[in-house]
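This report concerns only the one structure given below.
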Amino acid sequence: MAEVEKKEEREVPYYETVLGASPEKLATVDYKPPAKPWMDVPPKFKKLDYLNPAKVKWMKVIDLPFPREWSPPDEDWKLPENWKEIFLNGMEDRLKRFRSFQLFMDICVRCGACADKCQFFIGGGDPKNMPVLRAELLRSIYRRYFTTSGKILGKIAGARELTVDVIKELFKYSFQCTECRRCSVFCPYGIDMAEITMIARELLLLLGMHVNWAIEPVGKSFLTGNHMGLLPHTIKDFMDEYRDELEKITGFKVDVPMNRKGAEILYIVPSGDFFDERGVILTIATLLYFYHIGLDYTWSTYTSEGGNFGLFTSHEMIKRLNAKMYAEAKRLKVKWILGGECGHMWRVINQYMGTVNGPADFLEEPVSPITGTKFENAKDTKMVHIAEFTADLIRHGKLKLDPSRNDHVIATYHDSCNPSRAMGLFEEPRYIIKNVCNNFYEMPESCIREKTFCCGGGAGLGTDEQLETLLRGNFPRSNATKHVHEKFGVNRLLCMCAIDRAVLSMGLSYWCPQVTVGGVHELLANALVIPGESPRTVDLRRQPLKRPITPGKIAGKEA
Amino acid sequence: MNVKLENLLTQKRSTILKKWFDVVIETYPPETALFLRRQKDSIANPVGSTIFQGIEDLFGELLKGINYERVSTYLDNIIRVRAIQDFSPSQAISFLFLLKKVIREELKKEIRENDLSRELSELDSRIDNLALLSFDIYMKCREQIYELKGYEIRSMFKACQKAGLICDIQEGEFDLKEGQNIDKL
Ligand code: SF4
Ligand code: SF4
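So this is what it looks like as structure tokens:
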């Protein structure tokens, strides 16, 4: 009997059903996958479809528990002996500490409004990536161990036992969620899936399980101030190189203020802007821009990272990494902080900074030194987004701009998840783009602003390790980009996040290679009309311009 | 192709397409199939709409004669998606064979009554040709994925090299002279 059952369970490979089959036979083959309740589908780990676990050395650097060698496809994940107890105690503790978590576990009515809003479900088709089901993975445990109905009724009440397979499943799907919060925009109760994923990851971390793509950057940030582990002299070398490149292109020799005490403003960017070819161009652009407006500012080699991968790890880690930015601002005695085109940095600043480290009383309320505008929205955090700062300059007519210098660019704009959904930064970037570029086309309304699709690589997922998952999650955004490429000839996807710049580039190279990716301020710097400029035939990324730049002329006419 | 079969296929075009779409969609888990079938907006449902558009275009080609350049694009659109989803290679391109199944089911009576088996086998071999082409396209997509992976690794390596984390020498950095360097050591 047991034998027979085993036979039935064997999955028949598709080719066995087809090999040697006549067309008539083919016509009878059933291609439907078996319909099983989701609780009965065990997690599988395929190559290019999972992230590598955190390395022992990086776990140790930041004092994380149970560091060990293991791999998701392994049968044995070497869980600590009392793993169940640790997990459930951790859950109980968090249910008490976070009112939101308790609420999110209780109030979902399974209306399904969020079900088809996650890019991983839309692009990949795995039902467990429907936000409602992703939450259910943890909620079923909550019901079983923390509600009376679940304890008594079990499966009927949507409850299930906590088993090793459940832990594996949680690991898999917690790292197929970018904590982008798109789904929560559609939830009538405002259930924030990102917070559920964050708690799930914290619980896994209690068992010593996380991914290296998040933990190594956290460890390196902790040790050196940035994800790459770039040391101060290295950053200085890079910046000198970019200064020289800027001079070669534009003829302007600019200052690169580094770690300068007493500067008015500390400027913080994601570390990708220092080393990643897709971010460096933005640094070159910023050097030119700040030189032009004569900003009294400094870069820092110690707070050389805006990104806060603590957000993908634990609330404690958010606090640790966020604190260093303010410590550096204090050390350098600046008045306030200006932040670059970064993603998660802004979520932390707007939603966590006030609680974990704020208010930053030792800094001054930010005031634009050029227009005198008070940034009252930054009263608490003392940190202004560069798009707010620039939009204010343009609004006050402080920048002379020639949008025709970007005529080789046909742009669309991807609202990066965090600046858009975590701080509502919708208009400023668009205002800048429309002032610096003559060709700007929006993607359809259903996938921009607060409804923007995620790039597919946030929250520690932006690596080629699980490239297939990434390409699935990226498909909706790339598909919408392809749509405007085909309709309007769009050739540049603008965004405001370092992870976006890397992940959208990866995604588009597969889905729509005709479109390149870039930052908003790159186009701004291209369009600046600067006194004393030299003639030039290329833009800041050395792409040929439509019309060569003649000093003092705007759109070919006398300025 | 014999006019008769072509006529039948043209007449029943929308029914066949709908059924073909349905069976392709059924290769996904049931909850997913529901979504892929129901949501018509191409931005909200890029997978469903890519598949529908793709099979519609392919069906047109099968009827009017295959232009390989065009057909490659149509196949690419669908296969590119299925090549990164949770399918084996054979499952990824199975959607073509499903057309055979649909046509046989849909035109069962007519095929028997009009003895269209020769025309049908002609159509089958056209579909088989598309299937052969699909292997190439599937492989191209997979190669691209690995190229992309290679590219990412290379750029990380370059970044490390640039940051001085990996030793490399630049031309002129050391006093190196061709043919004399080992001696010097
Ligand atoms: S990835 Fe975004 S849309 Fe998907 S479940 Fe997570 S937070 Fe929701
Ligand atoms: S939209 Fe909100 S209430 Fe409805 S299923 Fe999703 S999480 Fe639950």
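Residue numbers (my numbering), protein chains in the order written: chain Y, 1460 to 2018; chain E, 2 to 186. By construction, the Cβ of each residue, glycine as well, lies at the ideal position given by its N, Cα and C atoms. Here the structure is a predicted model, which is why all the values come from computation and not from measurement.
Neighbour flag for residue i against chain E, beta carbons, 9 Å
i: residue 1736 of chain Y; result: yes
i: residue 1509 of chain Y; result: no
i: residue 1474 of chain Y; result: Any reading at residue 1474 of chain Y must be qualified, since the residue scores a pLDDT of 45, below 50, and its modelled position is unreliable; the value itself is stated next. By this cut-off, residue 1474 of chain Y is an interface position.
i: residue 1465 of chain Y; result: With a pLDDT of 46 at residue 1465 of chain Y, under the threshold of 50, the modelled position of that residue is not reliable, and the figure given next carries that caveat. Not closer than 9 Å to any Cβ of chain E, the Cβ of residue 1465 of chain Y fails to qualify, so no.
i: residue 1530 of chain Y; result: no
i: residue 1938 of chain Y; result: yes
i: residue 1998 of chain Y; result: no
i: residue 1513 of chain Y; result: no
i: residue 1855 of chain Y; result: no
i: residue 1572 of chain Y; result: no
i: residue 1580 of chain Y; result: yes
i: residue 1479 of chain Y; result: Because residue 1479 of chain Y sits at a pLDDT of 49, beneath the cut-off of 50, its placement in the model cannot be relied upon, and the following sentence gives the value as read from the coordinates. Judged by the 9 Å Cβ criterion, residue 1479 of chain Y is not in contact with chain E.
i: residue 1952 of chain Y; result: no
i: residue 1906 of chain Y; result: yes
i: residue 1498 of chain Y; result: no
i: residue 1874 of chain Y; result: no
i: residue 1461 of chain Y; result: For residue 1461 of chain Y, the pLDDT reaches just 43, beneath the cut-off of 50, and the residue's location in the model is therefore unreliable, leaving the point undetermined.
Candidates the options: closest to residue i by CA position
i: residue 1718 of chain Y; options: Y:1991, Y:1635, Y:1741, Y:1791; result: Y:1791
i: residue 1576 of chain Y; options: Y:1605, Y:1625, Y:1636; result: Y:1636
i: residue 2004 of chain Y; options: Y:1813, Y:1687, Y:1652, Y:1863; result: Y:1863
i: residue 1720 of chain Y; options: Y:1748, Y:1689, Y:1787, Y:1507; result: Y:1787
i: residue 1505 of chain Y; options: Y:1537, Y:1927, Y:1639; result: Y:1927
i: residue 2009 of chain Y; options: Y:1674, Y:1996, Y:1639; result: Y:1996
i: residue 1542 of chain Y; options: Y:1667, Y:1918, Y:1687, Y:1659; result: Y:1667
i: residue 1529 of chain Y; options: Y:1670, Y:1810, Y:1827, Y:1851; result: Y:1670
i: residue 1822 of chain Y; options: Y:1571, Y:1783, Y:1803, Y:1789; result: Y:1789
i: residue 1943 of chain Y; options: Y:1873, Y:1961, Y:1778, Y:1702; result: Y:1873
i: residue 1793 of chain Y; options: Y:1810, Y:1820, Y:1814, Y:1534; result: Y:1820
i: residue 1532 of chain Y; options: Y:1731, Y:1510, Y:1495; result: Y:1510
i: residue 1755 of chain Y; options: Y:1728, Y:1808, Y:1828; result: Y:1828
Below-9 Å beta-carbon distance, residue i vs any chain Y residue
i: residue 80 of chain E; result: no
i: residue 46 of chain E; result: yes
i: residue 149 of chain E; result: yes
i: residue 70 of chain E; result: no
i: residue 152 of chain E; result: yes
i: residue 85 of chain E; result: yes
Residue i CB to nearest heavy atom of ligand 2 below 8 Å
i: residue 1801 of chain Y; result: no
i: residue 1617 of chain Y; result: no
i: residue 112 of chain E; result: no
i: residue 1581 of chain Y; result: no
i: residue 1568 of chain Y; result: yes
i: residue 1650 of chain Y; result: yes
i: residue 1659 of chain Y; result: no
i: residue 1591 of chain Y; result: yes
i: residue 1645 of chain Y; result: yes
i: residue 1642 of chain Y; result: yes
i: residue 45 of chain E; result: no
i: residue 1639 of chain Y; result: no
According to DSSP, residues forming a beta bridge with residue i
i: residue 1 of chain E; result: Here chain E has residues from 2 to 186 only, and residue 1 of chain E is not among them.
i: residue 1795 of chain Y; result: Y:1724
i: residue 1995 of chain Y; result: Y:2008
i: residue 1987 of chain Y; result: Y:1860
i: residue 2049 of chain Y; result: Summary: the structure shown does not reach residue 2049 of chain Y, with chain Y confined to residues 1460 through 2018, and so no result is reported for it.
i: residue 1870 of chain Y; result: Y:1899, Y:1951
i: residue 2017 of chain Y; result: Y:2012
i: residue 1833 of chain Y; result: Y:1826
i: residue 1 of chain E; result: This structure gives no information on residue 1 of chain E, because the portion of chain E shown stretches from 2 to 186.
Residue i CB to nearest heavy atom of ligand 1 below 8 Å
i: residue 1578 of chain Y; result: yes
i: residue 1628 of chain Y; result: no
i: residue 1653 of chain Y; result: yes
i: residue 1914 of chain Y; result: no
i: residue 1938 of chain Y; result: no
Contact test: residue i Cβ vs ligand 4 heavy atom, cutoff 8 Å
i: residue 1781 of chain Y; result: In terms of ligand content, the structure shown lacks ligand 4 and carries ligand 1 and ligand 2 instead.
May I ask you to list, following chain order, the residues of the segment 18-36 of chain E that have a beta carbon less than 9 Å from some beta carbon of chain Y? Flagged, chain order: 24, 25, 27, 28, 29, 30, 31, 32, 33, 34, 36.
Output needed in chain order: residues of the segment 1964-1977 of chain Y with a Cβ under 8 Å from some Cβ in chain E. Only those residues of the segment 1964-1977 of chain Y whose C-beta falls short of 8 Å from the nearest C-beta of chain E are listed: 1965, 1968, 1969, 1970.
Residues of the segment 1688-1717 of chain Y with Cβ closer than 7 Å to any Cβ of chain E, in chain order: Going along the segment 1688-1717 of chain Y in chain order, one finds 1689, 1693 with a Cβ nearer than 7 Å to chain E.
Which residues, in order along the segment 1920-1946 of chain Y, keep a beta-carbon less than 8 Å from a beta-carbon of chain E? Contacts with chain E (Cβ-Cβ distance below 8 Å) from the segment 1920-1946 of chain Y involve 1922, 1923, 1926, 1927, 1930, 1931, 1934, 1935, 1938, 1939, 1942, listed in chain order.
Of the residues that make up the segment 1580-1609 of chain Y, which ones have a beta carbon closer than 9 Å to any beta carbon in chain E? When CB distances to chain E are screened at a threshold of 9 Å, the residues of the segment 1580-1609 of chain Y falling below it are 1580, 1581, 1582, 1583, 1584, 1585, 1586, 1589, 1592, in chain order.
Residues of the segment 126-148 of chain E with a CB closer than 7 Å to any CB of chain Y: list them in chain order, please. 145, 146: these are the residues of the segment 126-148 of chain E whose beta carbon lies less than 7 Å from some beta carbon of chain Y, given in chain order.
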